[in-house]
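Have a look at the structure below before the remarks.
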Amino acid sequence: MYKLGRGNRDKVQQFMTITGASEKVALQALKASDWHLEGAFDFFYSQPQVSVVNTRHLEDIFNRYKEPDADMIMVEGISQFCNDLQVDPQDIVMLVISWHMKAATMCEFTRQEFIGGLQSIGVDSIEKFRGKLPSLRAELKDDNKFRDIYNFAFTWAREKGQKSLSLETAIGMWQLLFAERNWPLLDHWCQFLQVRHNKAISRDTWSQLLEFVKTTDPQLSNYDDEGAWPYLIDEFVEYLTENGLVQRKR
Amino acid sequence: MSSGGPPRKRNFKIEAFKNRVDLDPKYAERTWKVLEHAIHEIYNRNASGLSFEELYRSAYNMVLHKYGEKLYDGLQSTMTWRLKEISKSIEAAQGGLFLEELNAKWMDHNKALQMIRDILMYMDRTYVPTSHRTPVHELGLNLWRDHIIHSPMIHSRLVNTLLDLIKRERMGEVINRGLMRSITKMLMDLGPAVYQDDFEKPFLDVSARFYSVESQEFIVCCDCGNYLKKAERRLNEEMERVSHYLDAGSEAKITSVVEKEMIANHMHRLVHMENSGLVNMLVDDQYKDLGRMYSLFRRVPDGLSTIRDVMTSYLRETGKQLVIDPESLKDPVEFVQRLLNEKDKHDKIISVAFGNDKTFQNALNSSFEYFLNLNSRSPEFISLYVDDKLRKGLKGATEEDVEVILDKVMMLFRYLQEKDVFEKYYKQHLAKRLLSSKTVSDDAERSMIVKLKTECGYQFTSKLEGMFTDMKTSQDTMQDFYAKKSEELGDGPTLDVHILTTGSWPTQPSPPCNLPTEILTVCEKFRAYYLGTHNGRRLTWQTNMGTADIKATFGKGQKHELNVSTYQMCVLMLFNNADGLTYKDIERDTEIPASDLKRCLQSLACVKGKNVLRKEPMSKDISEDDTFYFNDKFTSKLVKVKIGTVVAQKESEPEKQETRQRVEEDRKPQIEAAIVRIMKSRRVLDHNSIVAEVTKQLQARFLPNPVVIKKRIESLIEREFLERDKVDRKLYRYLA
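Residue numbers (full-length UniProt numbering), protein chains in the order written: chain A, 1 to 250; chain B, 1 to 736.
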């Protein structure tokens with residue numbers, strides 16, 4: 001094996017830490033992206049998972065956590081699952097896992113969802129799953145994946161039969177998600193909602209808020225009053241301006 | 001004696017023709033001397049002794065024999081000499097004789113020039129074109145211009161004399177206009193440039209200074225109206241002066257000077273002049289002054305827009321005061337009448353003084369639209385005005401009168417931005433008129449409906465027309481009911497039912513109250529009859545909208561027929577069996593809602609002259625601790641006593657808010673329907689285009705609020721009629 005320069009060795013180490021991949025995989029990805037770390041991540045995530053998993057083992061894992069009298073994993077099973085993974089149930093990585101599993105509802109995994117998720121993640125044992133956690137967590141750094149996960153969260157966290165997301169749940173999810181993105185106005189937004197809105201959040205508002213976070217600078221200098229933003233966001237901007245929380249310049 | 005001709009040969013003999021190119025120079029010289037002498041004689045007015053035949057021939061021969069140049073130059077120098085002499089005599093003229101002398105000499109010059117040109121006609125035709133010299137007549141004019149008009153001694157004196165005479169005429173003196181005309185015509189004959197450069201320009205300059213000074217004096221000592229009269233007179237004078245003795249081309253120029261100096265430069269000061277400016281003229285209907293201002297200001301740039309702007313400001317302020325004044329808000333009919341009067345007033349000003357100028361009509365319209373919509377109660381008040389007219393105001397009026405008044409109301413209606421609010425109130429007021437039979441005429445009512453339909457379309461009035469249909473149908477139903485059931489009904493009270501189609505009428509949920517037994521019986525008979533002939537129908541009584549006629553006998557045997565509301569009837573009938581009843585008793589026995597009950601008891605017990613009930617304790621208001629008694633002492637001059645009038649009243653603030661809330665709620669489905677219609681046809685459209693399109697579609701009824709449109713879009717997204725484009729978040733797609 002040829003000798004790596006110190007800079008490149010650091011990159012390999014960084015890649016392995018973030019993705020949880022092997023050194024061999026790290027080297028392959030970094031070479032393919034001409035030793036650019038960001039490019040390496042893109043390369044790595046765009047590769048289909050080729051590991052072969054043992055279906056029998058997947059069934060065993062599911063059966064370990066499912067309800068005794070129902071063919072799905074519920075709160076207790078999930079709690080146990082988190083214990084085995086050594087993950088807090090509130091950890092955002094659980095959201096990522098749910099997204100992989102295409103879970104329809106929070107705190108519930110059907111057999112199909114759970115087993116399908118294990119397959120797509122490419123693990124057939126809890127040990128392997130635990131080893132995958134860093135790379136699953138790292139997916140939140142990818143903008144496209146973050147958006148998918150963000151929008152998935154709306155449906156996932158919503159009460160069954162409801163079209164909107166309750167305010168309390170929405171605020172909790174936002175705090176969880178934007179901890180990953182450091183949105184400076186997050187606290188103001190949550191406070192505004194509790195003081196001025198105090199109602200459920202629509203899907204459109206939910207998804208458009210992410211666009212707002214991504215495209216509008218925290219000083220609101222490029223906020224477009226006629227930009228077809230949901231009314232709630234218009235009101236938020238007004239709230240920030242009125243209360244002197246942001247000195248808006250045009 | 002020898003003749004002047006060539007020597008004659010005695011024996012005639014034909015010889016070949018020879019060009020005689022070598023005429024004797026002495027002969028030419030002699031010939032010119034003859035002609036020169038003749039020119040002098042012409043100028044000396046001794047032409048009668050001359051032989052034009054010989055002179056013409058002499059000139060002819062000179063040209064023919066190549067002495068054209070000599071002839072032409074001789075002419076020029078001779079005329080020049082003569083004009084210099086003439087110049088001296090003109091200069092010598094004393095004072096007032098100057099212009100006369102100038103004119104006389106000019107006329108002499110012209111006569112001489114005519115003769116000279118005739119004599120030298122052959123030269124003008126042959127030598128002049130080929131040598132590119134100036135024709136004789138024109139030469140004469142040019143020499144006159146150069147040696148007379150432009151002579152240093154004459155030029156300035158001429159201009160000053162002319163201008164001085166004009167100044168004196170402006171001051172009121174009578175001057176010799178004929179002489180002036182001759183002089184200016186002379187200048188024009190010398191060439192337009194001479195007239196323009198040597199007279200017109202100094203004339204305009206002096207005039208500008210004159211009118212500048214005069215206007216400064218006028219503006220200080222005159223009020224606006226008088227100033228404009230003077231300005232107008234000055235304009236007319238200048239136009240008259242042109243027609244008398246200036247060239248026609250000067251009119252536009254001199255009027256432009258007067259316009260600038262007397263009007264344009266003082267325009268703003270004039271319109272804003274204290275106590276006499278434009279606003280004062282408008283207030284006091286000074287048609288002549290206004291007309292004069294209009295016709296004068298029209299002549300200057302921005303003149304009319306200045307008037308229009310001031311008028312608009314005044315109208316907006318006046319109108320704003322009208323619609324905001326708390327005093328005028330107390331009486332809706334008065335409120336609207338004042339607006340109509342204001343409109344009439346300014347319509348008349350525009351037609352009489354402003355020539356029906358379209359731009360002024362538009363300014364009036366936009367001003368009314370501006371201030372009428374400042375008061376959110378305008379739609380209600382206009383409806384109340386119509387209500388007042390259709391209840392009694394138009395009683396006995398001719399059909400033509402009705403049309404005039406309704407047309408005026410429609411003018412105000414057109415200004416409303418919230419026509420749907422008007423519709424809401426109009427429906428309420430119409431319902432009360434129809435149900436209480438308080439309409440002056442069905443034709444007038446229908447005429448109003450037709451006007452509204454013409455203005456806003458069928459959909460706007462379809463429910464209103466439904467109300468009329470219901471009234472007609474009800475009438476037929478009642479006739480049939482009594483025809484078929486008269487035996488069953490016997491001597492019971494007479495019932496008159498109006499069948500009101502749900503959705504057409506502005507009904508509110510009416511909690512059932514306890515009708516008197518006698519009424520209940522006949523009501524049940526009607527219900528059975530009606531449901532028997534109309535399968536599947538459902539009847540709900542609207543007791544809060546009814547009326548009743550009751551016969552009552554009071555203490556001393558006096559009898560009265562009372563016209564009351566249905567609720568009041570329910571209350572009064574209780575006293576057939578009781579002398580006194582507490583408020584609680586009445587409430588329990590009738591089950592009339594408290595707010596309605598209090599209002600109806602107040603009418604029965606607290607209104608002087610209509611207090612058929614007596615209450616203890618005596619007070620102006622109804623309290624739940626009160627006790628009521630039949631008022632044996634009730635008296636009235638009238639046999640028929642009307643209690644608890646159902647005349648439409650101005651809404652209280654809470655009622656107004658409630659109506660407005662209902663209007664807002666009604667707008668939401670209309671906005672959504674518009675959005676869906678638009679998206680269905682466009683499939684894909686951006687946000688701002690939707691807002692613009694929805695606004696356009698609905699503005700005949702109301703101006704949609706863009707925020708409300710946005711909310712409706714969000715609602716449609718939530719219900720999956722629309723979705724946002726995946727790439728462009730401002731773009732919406734219709735989901736079929």
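Cβ atoms here follow ideal geometry from the backbone N, Cα and C, with glycine treated the same way.
(Q) Just list the residues that DSSP pairs Ile201(A) with in beta bridges. (A) Walking along the first sequence from the start, residue 201(A) turns up at place 201. Ile201(A) pairs with Leu165(A).
Q) Which parts of the stretch 505 to 581 of chain B are runs of the beta strand (DSSP E), unbroken and 3 residues or longer, counting only runs that do not cross its ends? A) Here the runs fully enclosed are 547 to 553 and 559 to 565.
Q | Through-space distance from Tyr426(B) to Val336(B), alpha-carbon basis | A | For this step, residue 336(B) is matched to residue 336 along the second sequence. For this step, residue 426(B) is matched to residue 426 along the second sequence. In this model, Val336(B) and Tyr426(B) are separated by some 15 Å (Cα to Cα).
(Q) If you reduce the DSSP assignment to three classes, tell me which class Lys668(B) lands in. (A) Looking up residue 668(B) in the second sequence gives position 668. In the structure shown, Lys668(B) sits in a helix (DSSP, three-state: H, G or I).
Q | Selection of the stretch 694 to 713 of chain B by Cβ proximity to chain A, strictly under 7 Å | A | Along the stretch 694 to 713 of chain B, going in chain order, the ones with a CB nearer than 7 Å to a CB of chain A are Val707, Lys710 and Lys711.
Q. For Gly227(A), which residues in chain B fall below 7 Å Cβ to Cβ?
A. As a working mapping, residue 227(A) is identified with position 227 in the first sequence. Taking the beta carbon of Gly227(A) as reference, the chain B residues within 7 Å of it are Lys730, listed in sequence order.
Q.
For Lys141(A) and Glu180(A), I'd like the C-alpha separation in whole angstroms.
A. The residue given as residue 141(A) occupies position 141 in the first sequence. The residue given as residue 180(A) occupies position 180 in the first sequence. Here the alpha carbon of Lys141(A) sits roughly 8 Å from the alpha carbon of Glu180(A).
Q | Interfacial residues, the stretch 661 to 687 of chain B to chain A, with Cβ spacing under 7 Å | A | The residues in question are His687.
(Q) Could you pull the DSSP bridge partners for Phe630(B) from this structure? (A) Taking the second sequence and counting its residues from 1, the one referred to as residue 630(B) is at position 630. Beta-bridge pairing links Phe630(B) to Leu613(B).
Q. Where Leu452(B) and Arg377(B) are concerned, what is the direct C-alpha to C-alpha distance, given to the nearest angstrom?
A. Locating residue 452(B) in the second sequence gives position 452, counting from the first residue. Locating residue 377(B) in the second sequence gives position 377, counting from the first residue. Using only the alpha carbons, I get a separation of about 19 Å.
Q: Report the three-state DSSP secondary structure of Thr439(B) (helix, strand or coil).
A: In the second sequence, residue 439(B) corresponds to position 439, counting from 1. Under the three-state reduction of DSSP, Thr439(B) is assigned to coil, being neither helix nor strand.
Q) What residue does the alpha helix (DSSP H) around Arg209(B) start on, and which one ends it? A) Taking the second sequence and counting its residues from 1, the one referred to as residue 209(B) is at position 209. Residues Lys201 to Cys221.
Q: Spell out whether any CB of chain B is found under 8 Å from the CB atom of Arg111(A).
A: Residue mapping note: residue 111(A) aligns to position 111 of the first sequence, counting from 1. With 8 Å as the cut-off, Arg111(A) does not count as an interface residue toward chain B.
**Q.** the stretch 600 to 607 of chain B touching the stretch 553 to 572 of chain B, judged by at least three CB pairs closer than 8 Å
**A.** Yes: the two stretches touch, three or more of their Cβ pairs being nearer than 8 Å.
Q. With 8 Å set as the bound, which would you pick, yes or no: does the beta-carbon of Glu180(A) sit closer than that to a beta-carbon of chain B?
A. Within the first sequence, the letter at position 180 stands for residue 180(A). At least 8 Å separates the CB of Glu180(A) from every CB of chain B.
Q | chain B contact for Gln208(A) (CB, 8 Å cutoff) | A | Translated into the one-based positions of the first sequence, residue 208(A) becomes position 208. The C-beta of Gln208(A) comes closer than 8 Å to at least one C-beta of chain B.
Q. List, in order along the chain, the chain B residues whose C-beta lies closer than 9 Å to that of Pro218(A)?
A. In the first sequence, the residue the question calls residue 218(A) occupies position 218. Within chain B, no residue comes near Pro218(A); the closest Cβ sits about 20 Å away, beyond 9 Å.
Q: List the residues of chain B whose Cβ lies closer than 8 Å to the Cβ of Asp204(A), in chain order.
A: Taking the first residue of the first sequence as position 1, residue 204(A) is located at position 204. Chain-order list of chain B residues neighbouring Asp204(A): Glu714, Ile717, Glu718 and Arg724, by C-beta distance under 8 Å.
Q) Can you tell which of Thr134(B), Val279(B) and Val206(B) has its C-alpha closest to the C-alpha of Val257(B)? A) On the second sequence, position 257 is the one that residue 257(B) refers to. Answer by Cα proximity: Val206(B).
Q) Helix, strand or coil for Asp585(B) per DSSP? A) As a position in the second sequence, residue 585(B) is number 585, starting the count at 1. Residue state for Asp585(B) is assigned as helix, using DSSP reduced to three classes.
Q. Got a sec, what are the start and stop residues for the alpha helix (DSSP H) Tyr458(B) sits in?
A. Counting from one through the second sequence, the residue named residue 458(B) turns up at place 458. Per DSSP, Tyr458(B) belongs to the alpha helix (DSSP H) from Tyr458 to Leu489.
Q. Closest by CA to His40(B), which one among Thr80(B), Met62(B) and Arg57(B)?
A. Within the second sequence, numbered from 1, the residue matching residue 40(B) stands at position 40. His40(B) has its Cα closest to that of Thr80(B), out of Thr80(B), Met62(B) and Arg57(B).
Q: Let me know if Tyr65(A) comes out buried or exposed under the rule of 16 or more other beta-carbons within 10 Å of its beta-carbon.
A: Along the first sequence, read from residue 1 onward, the residue named residue 65(A) stands at position 65. That one is buried.
Q.
Within a Cβ cutoff of 7 Å, which residues of the same chain sit near Lys633(B), ignoring the five residues on either side of it in sequence?
A. To locate residue 633(B), count along the second sequence from 1; it is residue 633. Closer than 7 Å at the Cβ level, and outside the excluded window around Lys633(B), lie Gly555.
Q | Buried/exposed call for His100(A), threshold 16 Cβ in 10 Å | A | Here residue 100(A) is taken as the residue at index 100 of the first sequence, counted from 1. Buried: at least 16 other Cβ atoms inside 10 Å.
Q: Provide the residue span of the beta strand (DSSP E) that contains Asp686(B), from first to last.
A: What you label residue 686(B) is simply residue 686 of the second sequence in a count that begins at 1. Counting along the chain, Asp686(B) sits inside the beta strand (DSSP E) bounded by residues Val684 to Asp686.
Q: Would you give the residue range spanned by the alpha helix (DSSP H) that Val128(B) belongs to?
A: In the second sequence, residue 128(B) corresponds to position 128, counting from 1. First-last of the alpha helix (DSSP H) with Val128(B): Tyr127 to Ser131.
Q) When the distance is taken between beta carbons, is Gly74(B) closer than 8 Å to Glu36(B)? A) Along the second sequence, read from residue 1 onward, the residue named residue 36(B) stands at position 36. Along the second sequence, read from residue 1 onward, the residue named residue 74(B) stands at position 74. Cβ distance < 8 Å, so Glu36(B) and Gly74(B) count as in contact.
Q: Examine chain B for any beta-carbon lying closer than 8 Å to the beta-carbon of Lys66(A), and answer yes or no.
A: The residue given as residue 66(A) occupies position 66 in the first sequence. Cβ-Cβ to chain B under 8 Å: no for Lys66(A).
Q) Which residues bound the beta strand (DSSP E) around Arg377(B)? A) Against the second sequence, residue 377(B) aligns to sequence position 377. No beta strand (DSSP E) holds Arg377(B); DSSP gives it neither H nor E.
Q) What is the rounded straight-line gap between the Cα of Arg196(A) and the Cα of His188(A)? A) Position 196 of the first sequence, counting from 1, holds the residue named residue 196(A). Position 188 of the first sequence, counting from 1, holds the residue named residue 188(A). In this model, Arg196(A) and His188(A) are separated by some 11 Å (Cα to Cα).
Q. For Val641(B), does the three-state DSSP call read helix, strand or coil?
A. Numbered from 1 along the second sequence, position 641 holds the residue referred to as residue 641(B). The answer is strand: DSSP assigns Val641(B) an E or B state.
Q) Shorter than 8 Å from the beta carbon of Lys163(A) to some beta carbon of chain B? A) By 1-based counting over the first sequence, the position of residue 163(A) is 163. Judged by the 8 Å Cβ criterion, Lys163(A) is in contact with chain B.
Q) Taking the runs of the alpha helix (DSSP H) that are 4 residues or longer, which of them lie wholly in the stretch 341 to 419 of chain B? A) Those alpha helix (DSSP H) runs which fall completely within the stretch 341 to 419 of chain B and span 4+ residues are 358 to 372, 378 to 388 and 399 to 415.
Q) By Cβ distance below 6 Å, which residues in the same chain neighbour Ala548(B) in space, the five residues on each side in sequence not counted? A) Along the second sequence, one-based indexing puts residue 548(B) at 548. Taken in chain order, the residues that qualify are Val564, Thr566 and Met569.
Q.
Going by DSSP in three states, Phe236(A) sits in which element: helix, strand or coil?
A. In the first sequence, the residue the question calls residue 236(A) occupies position 236. DSSP, reduced to helix, strand and coil, places Phe236(A) within a helical segment of the structure shown.
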